[in-house]
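In the working numbering, the protein residues as written are 925 to 1192. Yeah, the Cβ is synthetic: ideal placement off N, Cα and C, and Gly gets one too. This report concerns only the one structure given below.
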């Protein structure tokens, strides 16, 4: 689906740690998702690039940042007994491996934990993360997005997916500027003919935000995209609104996206 291209940057835009693709046959592929070709993910691995068909993927786990990955190594140094078995046989590495998944557990929960949400008329309410926003009458929640990519809290849009809106959330690890810069780098990789259209400081739901606008080509269409990044407590939120720029309805849809962003309100 077209919307996966944008969600990909939510999964990997703000962190440099590797993604783990779990296939339906039990295979695990570790690497960085760098694009989407046809019906396949393009993954950069330690042994080169791999194309993984979307329908073969059961889930995608986003690892914590490298800073967190260093903590298990420190724990290994304090415990002299685990290292010797680790050199002779992979299974004895379990003590270190058990520590690493503990750090990555929040990302796994984003995939597996049931999302509590409600849609009533033109209002979408997310009970899990405690926020609500305006849902345009012609939009619907796109089911299944969270099963594929964990950092997407909700994906909404028109039935033909010519207008899409994504709310993404991940642990706050850097400044807003650093998260936004990482997101922009991923966007530049995903969109052809990327043209920046403006940047400004704004406020979303009472929180200071960095807003960036650009245009770019995906699936032979020119898209108008708005990206907002803001921090709330220990989380970083990324809002992405995108619509066909080569449509007569662009101005109307951009106004609808702006209204949706402005309506965001946290309830807890």
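In terms of residues, what are the limits of the alpha helix (DSSP H) holding residue i?
i	result
residue 1107	1100 to 1114
residue 1184	1174 to 1186
Please check the pair residue i and residue j, which I expect to be a contact at CB under 8 angstroms, by giving their CB distance rounded to whole angstroms.
i	j	result
residue 1058	residue 1078	That pair is no contact at about 13 angstroms.
residue 1128	residue 1138	The pair is not a contact, with the Cβ atoms about 18 angstroms apart (cut-off 8 angstroms).
residue 1144	residue 1136	With 8 angstroms as the limit, residue 1144 and residue 1136 do not qualify as a contact, their Cβ atoms being about 24 angstroms apart.
residue 1060	residue 1151	No, residue 1060 and residue 1151 are not in contact; Cβ-Cβ is about 19 angstroms, not under 8 angstroms.
So which of the options has the shortest CA-CA distance to residue i?
i	options	result
residue 1083	1063, 1187 and 1172	1063
residue 1131	1188, 1171, 1120 and 1091	1188
residue 1111	1060, 957 and 978	957
residue 1190	1050, 1066 and 1040	1050
residue 1089	1103, 1164, 1180 and 1101	1164
residue 1045	1039, 1056, 952 and 1152	1056
residue 1081	1065, 985, 1172 and 1096	1065
residue 1097	1075, 1061 and 1159	1159
residue 943	1179, 949 and 976	976
residue 1052	1039, 1061, 1068 and 1043	1039
residue 1068	1117, 1192, 978 and 954	978
residue 1119	1043, 1141, 1133 and 1103	1141
residue 1117	963, 1147 and 1085	1147
residue 1076	1094, 1114, 1176 and 1121	1094
residue 1192	1178, 1157 and 1177	1157
residue 1121	1169, 1102 and 1041	1169
residue 1166	1085, 1043 and 985	1085
Hey, would you say residue i sits closer than 8 angstroms to residue j, going by beta carbons?
i	j	result
residue 967	residue 973	yes
residue 1092	residue 1161	yes
residue 945	residue 965	yes
residue 1100	residue 1186	no
residue 1184	residue 1153	no
residue 1134	residue 1104	yes
residue 1087	residue 1175	no
residue 955	residue 969	yes
Mind checking which residues open and close the beta strand (DSSP E) that includes residue i?
i	result
residue 968	964 to 969
residue 1153	1145 to 1156
residue 1162	1159 to 1168
residue 1136	1131 to 1142
residue 1040	Note, residue 1040: premise wrong, no beta strand (DSSP E); not H, not E.
residue 949	No beta strand (DSSP E) contains residue 949, which DSSP labels as neither H nor E.
| task | Starting from the N-terminal side, write out each stretch of the alpha helix (DSSP H) that is 4 residues or longer and does not extend beyond the segment 1049 to 1100. | result | If only uninterrupted alpha helix (DSSP H) runs of at least 4 residues are considered, those enclosed by the segment 1049 to 1100 are 1069 to 1072.
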